[in-house]
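Number of protein chains: 2
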Amino acid sequence: MITVHGFTMSGNCWKIATILRLTGQPFRWVEVDSNAGGTRTPAFLALNPNGKIPIAVLDDGAVLTESGAMLCHFAEGTPWLPPPGLARTRVLEWLFFEQYSHEPAIAVARNIITYLKQADQQAARLEQCRIAGERALGVMERRLAGHDWLTDSGPTIADIALIAYTQAADEGGFELARWPGVRAWVARVLALPGIEKLPAA
Amino acid sequence: MITVHGFTMSGNCWKIATILRLTGQPFRWVEVDSNAGGTRTPAFLALNPNGKIPIAVLDDGAVLTESGAMLCHFAEGTPWLPPPGLARTRVLEWLFFEQYSHEPAIAVARNIITYLKQADQQAARLEQCRIAGERALGVMERRLAGHDWLTDSGPTIADIALIAYTQAADEGGFELARWPGVRAWVARVLALPGIEKLPAA
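Residue numbers (the numbering used here), protein chains in the order written: chain A, 1 to 201; chain B, 1001 to 1201.
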């Protein structure tokens, strides 16, 4: 059985539990609190030298890292990842957008405000997160104001990847009412059968 | 013919020119200086609402964004991207590692020091880049101390993605002599037929 090492409150880890549930792949879960040093222990670093969750350990002992790569791996051959060609490339564009332009702003703001409770001490960094996060939400709004899903292939791992932290954007100080297309899409994705919302703090 | 909009000094843009050359796909190049506001013009934002280079415009007018997704798109069906399964996932892991853990440290340090020439004004950010960049190079060293390539599939787009800024790490203040496996790999990748080194500043 697949073993996922992750932190329940992490959107990156939520992505992996979600795609495994949606594709009917059983897994067990090992809780790792990255804010409490759980990814910096020698035992964890032996599994992932980059010291980041989530990771997944397969039956043969192979360790998978990087939530975007893991989404692709577990969705391969299912409708959640279109076959190679432009349709797949559209999904990949959103996966890389999420990791470069969205998560480092919105997930980091959420962690500073809601988990570390350091909004005052990290005010300058939080302001950078606000600017970058608002830009990222604007890019999503431009697509979602006129479409149900992020790509033309129906719901895919692009939607799973982007909703991971967008569903909790309020915990990072982002008021989704300003991006009504994004807000409607969040409700649409969360209403899909088999999706369980990320727990609130 | 494919049209690439990119900045010659950008490693992210270099990746796209490189995979197109390696796979024999002709392209024309439109120079865009992102440090001079070239990605914030209305004309550019109409092509990529996220305001980032590189982008590629295909014959049918489709616009591709995100260097990692574009590498996969242009390498599909070639030895530079293994078929779906664990071998492909290993490549994707490195592509996401590059965009999340490597580029935001090493490319940003290079830009601050060598292009913006703001090492003093941005000393705090540069120190964050140094810490994160050294960690990323350490993760690469752990693999490359004992292997010729980043994955077991021979040279792939994982090597292209990671060398993009590693070949210019000295311009970001990183002395590759500290990571001898990485340094040997840089020479190995640059010696591949068809690879042209990123120009020095």
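Even glycine gets a Cβ: it sits at the ideal position worked out from N, Cα and C.
Identity of the residue in the options nearest residue i by Cα
i: Leu150(A); options: Pro104(A), Leu22(A), Arg90(A) and Met70(A); result: Arg90(A)
i: Gly154(A); options: Gly37(A), Trp80(A), Pro49(A) and Ala191(A); result: Trp80(A)
i: Glu66(A); options: Leu47(A), Ala119(A) and Arg143(A); result: Leu47(A)
i: Tyr1165(B); options: Leu1045(B), Asp1152(B), Val1108(B) and Arg1143(B); result: Val1108(B)
i: Gly138(A); options: Ser101(A), Ala62(A), Phe44(A) and Leu95(A); result: Ser101(A)
i: Leu1064(B); options: Phe97(A), Gly24(A), Ile113(A) and Val57(A); result: Phe97(A)
i: Gly173(A); options: Asp148(A), Leu95(A), Asp152(A) and Ala123(A); result: Ala123(A)
i: Arg1135(B); options: Glu1093(B), Ala1075(B) and Trp1179(B); result: Trp1179(B)
i: Leu1144(B); options: Arg1125(B), Trp1029(B) and Trp1094(B); result: Trp1094(B)
i: Leu1192(B); options: Val1182(B), Glu1175(B) and Asp1159(B); result: Asp1159(B)
i: His73(A); options: Arg1125(B), Thr1039(B) and Leu1092(B); result: Leu1092(B)
i: Gly1085(B); options: Leu86(A), Glu76(A) and Asp120(A); result: Glu76(A)
i: Gly1133(B); options: Glu1175(B), Arg1040(B) and Gly1194(B); result: Glu1175(B)
i: Trp1029(B); options: Leu1116(B), Thr1018(B), Asp1120(B) and Cys1129(B); result: Thr1018(B)
i: Ile1112(B); options: Lys1197(B), Gln1025(B), Gly1194(B) and Asn1035(B); result: Asn1035(B)
i: Glu1196(B); options: Gly1037(B), Arg1183(B) and Gln1167(B); result: Gln1167(B)
i: His1147(B); options: Glu1171(B), Gly1181(B) and Pro1104(B); result: Gly1181(B)
i: Leu116(A); options: Gly194(A), Glu171(A) and Gly11(A); result: Glu171(A)
i: Gly37(A); options: Gly6(A), Gly194(A) and Gly11(A); result: Gly6(A)
i: Cys129(A); options: Gln121(A), Arg110(A) and Ala201(A); result: Arg110(A)
Contact check, residue i vs residue j, beta carbons under 7 angstroms
i: Leu1071(B); j: Ile1157(B); result: yes
i: Ala169(A); j: Ile106(A); result: yes
i: Cys1013(B); j: Pro1054(B); result: yes
i: Thr114(A); j: Thr78(A); result: no
i: Lys15(A); j: Ala161(A); result: yes
Sequence-distant residues of its chain with Cβ nearer than 6 angstroms to residue i (five each side left out)
i: Phe27(A); result: Ile2, Val4 and Leu20
i: Pro82(A); result: Arg88 and Ser153
i: Pro1042(B); result: none
i: Val203(A); result: Chain A is shown only over 1 to 201; residue 203(A) falls outside these bounds and no answer can be derived.
i: Met140(A); result: Val182
i: Arg1142(B); result: none
Residues near residue i in its chain [Cβ-Cβ closer than 7 angstroms; skip 5 each side]
i: Glu1127(B); result: none
i: Thr8(A); result: Glu31 and Pro199
i: Ile163(A); result: Val186 and Val189
i: Gln99(A); result: Gly68
i: Ala1119(B); result: Ile1112, Ile1113 and Leu1126
i: Leu45(A); result: Gly51
i: Gln25(A); result: Ile2 and Phe74
i: Asp1033(B); result: Phe1007
i: Phe1194(B); result: The amino acid occupying residue 1194(B) in the given sequence is Gly; Phe does not appear at that position. The residues are Arg1021 and Leu1022.
heavy atom of the ligand PLP below 6 angstroms from residue i C-beta
i: Ala200(A); result: What this structure holds is no ligand at all, so the ligand PLP is not there to describe.
Other residues of its chain near residue i: CB distance less than 8 angstroms, five sequence neighbours each side excluded
i: Arg40(A); result: Gly51
i: Ala1184(B); result: Leu1144
i: Asp1059(B); result: Met1001 and Ile1002
Residues of the stretch 1073-1085 of chain B whose Cβ lies closer than 8 angstroms to any Cβ of chain A, in chain order: His1073, Glu1076, Gly1077, Pro1084 and Gly1085
Inside the stretch 1040-1088 of chain B only - alpha helix (DSSP H) runs reaching at least 4 residues: 1042-1047 and 1067-1075
Residues from the stretch 52-76 of chain A in contact with chain B, defined by Cβ distance under 7 angstroms: For the stretch 52-76 of chain A, which is checked against every Cβ of chain B, the residues closer than 7 angstroms are Ala62, Leu64, Thr65, Glu66, Gly68, Ala69, Cys72, His73 and Glu76.
Whole alpha helix (DSSP H) elements within the stretch 99-129 of chain A, 4-residue minimum: For the stretch 99-129 of chain A, the full-length alpha helix (DSSP H) segments reaching 4 residues or more read 103-110 along the chain.
Continuous alpha helix (DSSP H) assignments of at least 4 residues falling wholly in the stretch 162-199 of chain A: 180-190
Under 7 angstroms (Cβ pairs) to chain B, residues found in the stretch 85-101 of chain A: Leu86, Thr89, Leu92, Glu93, Phe96, Phe97, Gln99, Tyr100 and Ser101
Positions along the stretch 126-151 of chain A whose CB lies within less than 9 angstroms of some CB in chain B: Arg135, Ala136, Gly138, Val139, Arg142 and Arg143
Contacting positions in the stretch 1024-1051 of chain B - beta carbon closer than 7 angstroms to chain A: Pro1049 and Asn1050
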